[in-house]
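Numbering (my numbering), first residue to last: 151 to 235.
All C-beta atoms, glycine included, are put in the ideal place defined by N, C-alpha and C.
Everything numeric in this text was worked out from a predicted model, so none of it was measured.
Working notes, beginning with the structure itself.
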């Protein structure tokens with residue numbers, strides 16, 4: 151079965167949608183059985199740690215630019231998960 155992505159209007163099959171779901175959970179450090187509450191809690195913790203305005207490079211092994219890029223990845227993962235959960 152195929153689905154359309156709202157933002158790009160491209161077709162996706164169930165396998166690719168499943169892979170995006172898996173990857174989004176992996177970015178947040180969660181498994182496939184994660185609840186909405188768990189996703190929200192993990193997102194909040196990671197976003198506080200890697201937010202560009204709050205990032206302290208002594209607490210993580212990332213530079214400020216890498217933390218900013220990871221923060222964008224966290225936001226994208228959380229936004230996708232919020233839509234599908």
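Taking the alpha carbon of residue i as the reference point, which residue from the options has its own alpha carbon closest?
| i | options | result |
| --- | --- | --- |
| residue 220 | 188, 182, 232 and 199 | 199 |
| residue 197 | 185, 179 and 184 | 179 |
| residue 189 | 207, 172 and 209 | 172 |
| residue 218 | 202, 210 and 230 | 202 |
If you reduce the DSSP assignment to three classes, tell me which class residue i lands in.
| i | result |
| --- | --- |
| residue 183 | coil |
| residue 207 | coil |
| residue 175 | helix |
Can you tell me whether residue i is buried or exposed, with buried defined as 16 or more other CB within 10 angstroms of its CB?
| i | result |
| --- | --- |
| residue 228 | buried |
| residue 204 | exposed |
| residue 192 | buried |
Taking the straight line between their C-alpha atoms, what separation do you get for residue i and residue j?
| i | j | result |
| --- | --- | --- |
| residue 235 | residue 174 | 12 Å |
| residue 185 | residue 194 | 14 Å |
| residue 182 | residue 212 | 27 Å |
| residue 187 | residue 231 | 11 Å |
| residue 209 | residue 216 | 13 Å |
| residue 222 | residue 214 | 12 Å |
| residue 206 | residue 226 | 22 Å |
One question on the structure: do residue i and residue j come within less than 8 Å of each other, judged by their Cβ atoms?
| i | j | result |
| --- | --- | --- |
| residue 170 | residue 224 | no |
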